[in-house]
Every structure is written in C-alpha cells, then in structure tokens.
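Enquirer:
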Amino acid sequence: MRTSQKLVGFFVLFFFIFSACVPSSQSDESTRTPRPDATRTPSVTQAPKQAASRLNVEEEALRGTQVTVWHPWFGAEASLFESQVAEFNSTNAWGILVNAQSQFNYSELFAQTDAALKDASNPDLVVAFPEHALEWREHVVDLNAYARDPVYGMNALDMSDYPSVIWMQDELDGARLGMPAQRTGRFLLYNQTWARELGFDSPPETSFDFEAQACAANRALASDGDAANDALGGWLIDTDAMTPLSWMYAFDGGVQEQDGYRFLVSGNIDAFKFVKVLQQKNCAWVASPEISAYDRFAARQALFATAALEEFVDQTRAFGALGNRDEWIVLPFPGAEKNAFVVYGSSFIVFKSDDATQLAAWLFIRWILEPENQTRWVQTTGLFPLRSSTADLLDEYSASHPQWAQAVRLLPNGRMPPKLASWRVVRVMLSDGFREMFDSIRHPDLTEGQVPLILKQMEDTAQELNR
C-alpha cells in the first residue's frame, strides 16, 4: 500500500515539473475556454424575468398624480396623519401628491361624502367605517387586485401579518372594500386589588363567576355604613352598542343572519336576562353623568367598568388623580361557557376614478400601513397595532401600558361587528334599546321575563332599517 502511494506521489510531482517547463504560449492556450463543437447547442443561462404589474398603469403615469383624502380626525390624530402625508409627499418615488382634508368626525364625513358621491365631487380616498363602504359599494374600488399585484401589491407574508379579525372586516363576497386604518375594542375593566380583598384570587372566567364577584362588591359597599353607596359596587352599566353586542356573542348569540338581522335567539335572551337580573340584584347599576365612569371605577364605586381601548389612558389618569394604586386589568365579556369582545374601527376606502389615481391612492395606503409608520399611530392613539410586526416594535410602549398589552394579547379572540350597510343606524338603535332596558324610572316594572319582547322589538326595528 505504501509503495503504490509513493508511485502516485512521484507521478503527481513529475506532472507539475513537466507543466512548469511548458512554454507560456502553450500554457495560455490550455487555459482558454474551448470552442464549442459546431454540432452542440451552447448552454445559455436565462436572466430571471421581472414580474409585471397587472394594473395596466405605466409607472410614468403616476408622476405628479394627486390624491385627495378626507379623514374624520382632529387634534393629535389629525396632526399625525397630516405630518405623515407630508412625509409621503416628499419621499415617495413616484411623485404622488396626497392632499388631506379633515371632516372633524365620522358623522360629518359620512354626510359630506354621501352628498359628494351624488354629484361626483367626492374625494379619491376616505377614512370611514366598513359599513360606510357597503353603503357606497357601487362607487368603491375592490382592492384585491391592488393587494395581490406582483409589483405594487403585498406578498402572502405581508397579508398574514394582519390578525384575521382585523384583515377580514373589509372583505365581503370575495371583494376587498377597504384596508384597515384603525381598530379598537371594548373591554371590561376589573379592579383586581379590590377583588382580592373581597376574597377572589382570580378574575371571573364565566358569567357565574362575574355575578358572584359583582354581587360581593355590592354587599361590601352596602354594609360599610354609608347609605349613599348601597346600590353601587358591581358592574357600572355601559350602553355603547359594542357592549350589548359583546354580551350577546359571549352567550353564543349575535345579531346578523345572512343579509338581515335576528335578535330573538336563545343566546341573546340569555345575555339580556343575565345583565337585567344583575341590575335587579343591585349587582349592576346605572350611574348619573355628573361623575365620569373613569372616576367612579377609580374610586371603587364599581368592581367592573367598561371602556374602549383608547380610553385606557383616561382611566389610568383617573387612578393617578385619586392617588389610587389599585391594580386594574382588562377582560373580555364572560358568558356561560365562552367569552367575547368586539373589534371595530375605520378603514381606508378608495373610490372609482382613473387607473393612475386609484393606484396612487393604494400606494399611499400601503406606505402608511408599514410597521414603522403604524408604530407612531399606536403611540399617539393607544389603539390596536394593525400588524403583528408593528406590535414587535412596541416593547417599550407595551411595558409602560400594561392594560393595552393585555388587550393586544386578547386580539386573536376578538369578534367582528355585522357586515351590513344598515349597521350604521342599527347600532344606534341597539344602544338605545339596551339603555331603555335599564331605565327603572321609565320602566319600573320591567322584568327578565319581558326580555324576549325587547329583543323582538329590536329585531323588527332592525329589519325596517335594513330595507
């Protein structure tokens, strides 16, 4: 074996010595690429093809395109939006110019936009609720073609970056009628410190637990020697439309049935009976408006209160103003076997115009929804991050806003409001009807047995409004 290895080594050494003695011209010739045989087809490496847009808009056509956007914001939100518009105008590669105009609130924006659509003086883009888009559907651009465009759209990873409860609110019958602009939710607030003093080691997970703790809080105040607070202590009743809707969902109910409404179902009956009985037992109560709900909750007049995500900052301030160091946390609405809360908010809605303007509007939407831009929105508004990658950039904010962080963790379990144009007015009716149910002055004899009648009246009214 060793002899053969020596022979191999000898021939290798001989080969290199011989090669070194070859004239340079011959060496150069040996290193050149041999000419291909005339009978062989040369191998050609194809350059990767560039993806082509399917939107039929030449990039040059975007140059100088102007987009008018109407929004409902004022104050800090309007300032932030308009500063981001200015940043987009000065940095976008296409020379697109966006002009932002405030309509001051959602009601005024809807009225102005509705009127403008009738005489074709409408803006190119609005920030409005998804149900508004359904009202204007014949004028609204389906954004699926833009979101899925290989050049100007979003890839699958981008789309999956949006939680389903946020992403799907603008989808209906295979069409995308908007892109999320803001999302919030309505939650129960729970004074965990006080609850522990009352003997409860954990937050309520079911409606049974909720009633036990709410009634215990009422009994504690009723026995403290102050007659003025004998009816307080449990759940501070809130009648925002998203509150009854959340209770309905928690009891396996809801209000939408196909293209209409159905209120008179067993889950809704159970939900409304539950909260009405709470009131009758003094475990839930209606407050007069002289003192804010934030101050009442911070003053231990209620173990449970209700607030939207953007109100958490006000609630924190109320605790600070009273010097109350109690720990409060955020909960979904508990039912017999599940819990629920509603996620809702506004969207970017593009109106039909020319191809270049529609694409320009889409490019602005895509830009403002980038995680870095959305981070500033969360820090200013206290609302949900629209994308998971945005939440990843908010570690410091999350640490300093623990209740916000709790709400974000609950986001995957959120529910959507009805996808009907008439929800714009039905939600007002739902709020009014829920308020009436607790009005012991106007309806002193209202009992839990009359709850189905209330729901039937709501259903009939909703069907009328849906025509």
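Going by our numbering, the first residue of the sequence shown is number 15, and it counts up by one from there. The beta-carbon is built from N, C-alpha and C at its ideal position, and this holds for glycine as well. Note that the structure is a prediction, hence the values are computed from the model and not measured.
1) Using only alpha-carbon positions, find the residue among D459, N119, G267, T371 that is nearest to G89.
2) Taking just the CA atoms, how far does P144 sit from W418?
3) How many Å lie between E351 and A375 at the Cα?
4) For G248, which three-state DSSP category applies?
5) Which of helix, strand or coil does DSSP assign to H85?
6) To which residues of the same chain is M173 closer than 8 Å at the C-beta, ignoring the five residues directly before and after it?
7) Is the Cβ-Cβ distance between M168 and I379 less than 8 Å?
8) Over the uninterrupted beta strand (DSSP E) stretch that includes W261, give me the two end residues.
9) Output the distance between the C-alpha atoms of P431 and M262, rounded to the nearest integer angstrom.
10) Which residue's Cα is closest to the Cα of Q464: L323, K287, L425?
11) In whole angstroms, what is the alpha-carbon distance linking T395 and L444?
12) So the alpha helix (DSSP H) L131 belongs to, where does it begin and stop?
13) Whose C-beta lies closer than 6 Å to the C-beta of L69 among residues of the same chain, with five residues either side of it excluded?
14) Return yes when the Cβ of T320 is within less than 8 Å of the Cβ of D223, no when it is not.
15) I think P348 touches A228, with their Cβ atoms under 8 Å apart; what is that distance to the nearest whole Å?
16) Excluding the 5 residues flanking D128 on each side, which residues of the same chain have their C-beta closer than 8 Å to its C-beta?
17) Given 8 Å as the limit, is there contact between the segment 273–280 and the segment 334–346, that is, 3 or more CB pairs closer than that?
18) Work out the CA separation of L292 and P466 for me, nearest whole Å.
19) For L171, count neighbouring C-beta atoms within 10 Å of its own C-beta (all shown protein chains included) and say buried if the count is 16 or more, exposed if not.
20) Identify every residue that forms a DSSP beta bridge with M193.
21) State the DSSP-derived secondary structure class of I305, mapped to helix, strand or coil.
22) So F201 and A421 are supposed to be a Cβ contact under 8 Å. How far apart are they, rounded?
23) When you compare the CB positions of N158 and W381, do they come within less than 8 Å of one another, or not?
24) In whole angstroms, what is the alpha-carbon distance linking L407 and L397?
25) Could you check whether A230 and I363 sit closer than 8 Å to each other, using their CB atoms as the reference points?
26) Please name the residue, chosen from A322, R339, E72, Q117, that lies closest to V357 on a Cα-to-Cα basis.
27) Residue ranges of each alpha helix (DSSP H) run of no fewer than 4 residues wholly in the segment 430–467, ordered along the chain?
28) Are the beta-carbon atoms belonging to Y166 and R401 less than 8 Å from one another?
29) Using the C-alpha atoms, what's the distance from V442 back to N480?
30) Check the DSSP bridge columns for R200 and list the partner residues they point to.
31) With distances taken Cα to Cα, identify the nearest neighbour of L76 among A245, E450, L235, W108.
32) L377 to E73, Cα distance in whole Å?
33) Put A66 into one of helix, strand or coil per three-state DSSP.
Expert: Concretely, from the data shown:
1) Against the sequence shown, residue 89 aligns to sequence position 75. Checked all of D459, N119, G267, T371; the closest Cα to G89 is N119.
2) As a position in the sequence shown, residue 418 is number 404, starting the count at 1. As a position in the sequence shown, residue 144 is number 130, starting the count at 1. Approximately 24 Å between the Cα atoms of the pair.
3) Sequence index remark: in the sequence shown, residue 351 carries index 337 (1-based). Sequence index remark: in the sequence shown, residue 375 carries index 361 (1-based). Straight-line Cα distance between these residues: approximately 45 Å.
4) For the purposes of this step, residue 248 is taken as the residue at position 234 of the sequence shown. G248 falls in the strand class under three-state DSSP.
5) Along the sequence shown, one-based indexing puts residue 85 at 71. The answer is strand: DSSP assigns H85 an E or B state.
6) Here residue 173 corresponds to residue number 159 of the sequence shown, with the count starting at 1. The residues are A161, W181.
7) On the sequence shown, residue 168 is found 154 positions in, with the first residue counted as 1. On the sequence shown, residue 379 is found 365 positions in, with the first residue counted as 1. For M168 and I379, no; Cβs fall outside 8 Å.
8) Residue mapping note: residue 261 aligns to position 247 of the sequence shown, counting from 1. Not the beta strand (DSSP E): W261 falls in the alpha helix (DSSP H), residues 256–264.
9) Reading the sequence shown from its first residue, position 417 is the one you call residue 431. Reading the sequence shown from its first residue, position 248 is the one you call residue 262. Whole-angstrom Cα-Cα distance: 11 Å.
10) Position 450 of the sequence shown, counted from the first residue, corresponds to residue 464. Residue K287 is the option with its Cα nearest to Q464.
11) Looking up residue 395 in the sequence shown gives position 381. Looking up residue 444 in the sequence shown gives position 430. So the two alpha carbons sit approximately 27 Å from each other.
12) Position 117 of the sequence shown, counted from the first residue, corresponds to residue 131. Note, L131: alpha helix (DSSP H), 120–132.
13) Position 55 of the sequence shown, counting from 1, holds the residue named residue 69. If we look at L69 and ignore the five residues flanking it on each side, its Cβ neighbours are D163, L373.
14) Numbered from 1 along the sequence shown, position 209 holds the residue referred to as residue 223. Numbered from 1 along the sequence shown, position 306 holds the residue referred to as residue 320. Taking 8 Å as the Cβ cut-off, D223 and T320 do not qualify as a contacting pair.
15) Counting from one through the sequence shown, the residue named residue 348 turns up at place 334. Counting from one through the sequence shown, the residue named residue 228 turns up at place 214. No, P348 and A228 are not in contact; Cβ-Cβ is about 11 Å, not under 8 Å.
16) Indexing the sequence shown from 1 puts residue 128 at position 114. Contacts found: E149, W150.
17) no
18) Reading the sequence shown from its first residue, position 452 is the one you call residue 466. Reading the sequence shown from its first residue, position 278 is the one you call residue 292. Straight-line Cα distance between these residues: approximately 17 Å.
19) Against the sequence shown, residue 171 aligns to sequence position 157. Its Cβ having fewer than 16 others within 10 Å, L171 is exposed.
20) Against the sequence shown, residue 193 aligns to sequence position 179. Paired residue(s): F362.
21) To locate residue 305, count along the sequence shown from 1; it is residue 291. Looking at I305 - three-state DSSP - the assignment turns out to be coil, as it is neither helix nor strand.
22) Your numbering for residue 201 matches position 187 in the sequence shown. Your numbering for residue 421 matches position 407 in the sequence shown. Confirmed, about 6 Å.
23) By one-based count along the sequence shown, residue 158 stands at place 144. By one-based count along the sequence shown, residue 381 stands at place 367. No. Outside cutoff.
24) Here residue 407 corresponds to residue number 393 of the sequence shown, with the count starting at 1. Here residue 397 corresponds to residue number 383 of the sequence shown, with the count starting at 1. So the alpha carbons of these two residues sit roughly 14 Å apart.
25) Along the sequence shown, one-based indexing puts residue 363 at 349. Along the sequence shown, one-based indexing puts residue 230 at 216. No. Outside cutoff.
26) The residue given as residue 357 occupies position 343 in the sequence shown. Of the candidates A322, R339, E72, Q117, the one whose C-alpha sits nearest the C-alpha of V357 is A322.
27) 437–451
28) On the sequence shown, position 152 is the one that residue 166 refers to. On the sequence shown, position 387 is the one that residue 401 refers to. No.
29) Indexing the sequence shown from 1 puts residue 480 at position 466. Indexing the sequence shown from 1 puts residue 442 at position 428. When rounded, the distance between both Cα atoms is 13 Å.
30) Within the sequence shown, numbered from 1, the residue matching residue 200 stands at position 186. Per DSSP, A322.
31) Here residue 76 refers to the residue found at position 62 when the sequence shown is read from its first residue. When each option's Cα is compared against that of L76, the closest is W108.
32) Within the sequence shown, the letter at position 363 stands for residue 377. Within the sequence shown, the letter at position 59 stands for residue 73. Cα to Cα, the separation comes out at about 12 Å.
33) As a working note, residue 66 is residue 52 in the sequence shown. A66: coil per DSSP, three-state reduction.
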